[in-house]
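Everything below concerns the one structure shown next.
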Amino acid sequence: QPVISLKNVTKVYVLPSDEVVALDNVSLDICEGEFVAIMGPSGSGKSTLMNQIGCLDIPTSGDLYIDGRNIRDLNDDELTELRRDKIGYIFQKFNLIPLLDLRENVEYPLILKHKKKDESGYPEKLLKMVGLEDNRFKHKPAEISGGQQQRVAVARALVNDPAILLCDEPTGNLDSKTSAQIMEILSDLNRDGRTIVMVTHEDSVAEYAHRKIVISDGRIVHDN
Ligand code: ADP
Ligand code: ADP
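The sequence shown runs 4 to 227 under UniProt numbering.
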């Protein structure tokens, strides 16, 4: 059973003057442990596809299944829980909280979930795993490099132990050497069994994936 399944998903944005078909009848199965790169020109529908897979938006028509559950059958609380427990999100711009230190940034999803401070030491363990020295844990995001910020963002995405990692241009703000370091971390996570879906413009980054999907005008035009 695929971990992510889209059946005839169409997404239409309704604007005052017209409608934009951002995804046009897309069907797609992604199995557990796959590492998928999504490519395509600007405006082709990549972000829209990621928002659908990430359950951040409901399809205009068609169905999305995560672990076999149709997200249309979930209420708001169940959808929030599914996003929190099943999916980790990594963004181009890191999206760390500037006022929190690095450990607190990683801890934050646990506080949202358990309504109390974390004392397990798991945030620290994850920060070490992504290669951050412990003398950095109390630094603020603005005090470290972009590469280090993305490491922290990866640790944060992992803190609820999601089966799926969604990465939207994870190396888009990084130089090539730092990009390669982040991609090695993502590759290790995939080898450990995590399913990864990643949008990228860069061929050298897409090389880390085992399956490449190209979309154009809201349709899949290449998949292998
Ligand atoms: P990509 O990520 O490949 O650049 P997008 O998914 O962002 O593509 O956009 C696909 C199409 O949908 C584009 O024509 C874009 O202008 C349109 N679009 C995206 N988001 C919105 C929105 N919130 N409202 C209206 N149109 C949108
Ligand atoms: P990386 O190769 O990890 O991206 P850089 O070459 O950008 O790192 O940075 C080298 C060192 O300078 C690192 O130890 C990093 O933490 C530090 N550094 C980078 N940017 C900043 C900053 N804005 N403020 C403080 N320290 C920084």
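Glycine included, C-beta positions come from ideal geometry on N, C-alpha and C.
Expected contact under 8 Å - CB spacing of residue i and residue j to nearest Å
i      : j      : result
Pro101 : Pro144 : 6 Å
Ile218 : Ser47  : 5 Å
Neighbourhood of residue i by C-beta distance below 8 Å, restricted to the same chain and skipping five residues each side
i      : result
Gly57  : Arg86, Ile90, Tyr92 and Leu169
Asn163 : Arg87, Asp88, Gly91, Pro112, Leu113 and Lys116
Given residue i as reference, the closest of the options once Cα atoms are compared
i      : options                         : result
Gln153 : Gly134, Gly36 and Asn163        : Gly134
Tyr16  : Leu52, Val157, Asp32 and Asn108 : Leu52
His142 : Glu187, Glu81, Leu99 and Lys119 : Leu99
Ala25  : Ser64, Asp32 and Cys34          : Ser64
Val39  : Arg214, Gly71, Lys119 and Lys14 : Arg214
Gly196 : Arg75, Ala160, Glu37 and Asp21  : Glu37
Asn138 : Ile185, Leu105 and Ile167       : Leu105
Contact set for residue i: own chain, Cβ-Cβ below 6 Å, skip 5 residues either direction
i      : result
Pro165 : Lys89, Ile90 and Gly91
Thr181 : Gly150
Pro158 : This sequence places Ala at residue 158; Pro is not what is there. Val109, Leu129, Leu130 and Val133, listed in sequence order.
Assigned exposure category for residue i - 16 Cβ within 10 Å defines buried
i      : result
Leu67  : buried
Gln4   : exposed
Thr203 : buried
Asp121 : buried
Val23  : exposed
First through last residue of the alpha helix (DSSP H) which encompasses residue i
i      : result
Asp80  : Asp79 to Lys89
Glu110 : Leu105 to His117
Thr203 : Thr203 -> no alpha helix (DSSP H), and no H or E assigned at all.
Endpoints, the beta strand (DSSP E) within which residue i is located
i      : result
Arg75  : That residue, Arg75, is in no beta strand (DSSP E); it is neither H nor E in DSSP.
Asp21  : Per DSSP, Asp21 belongs to no beta strand (DSSP E) and is neither H nor E.
Arg222 : Arg222 to Asp226
Asn11  : Ile7 to Val17
Same chain, Cβ closer than 7 Å to residue i, five either side skipped, listed in chain order
i      : result
Asn176 : Gln95, Lys96 and Gly149
Leu103 : Tyr111
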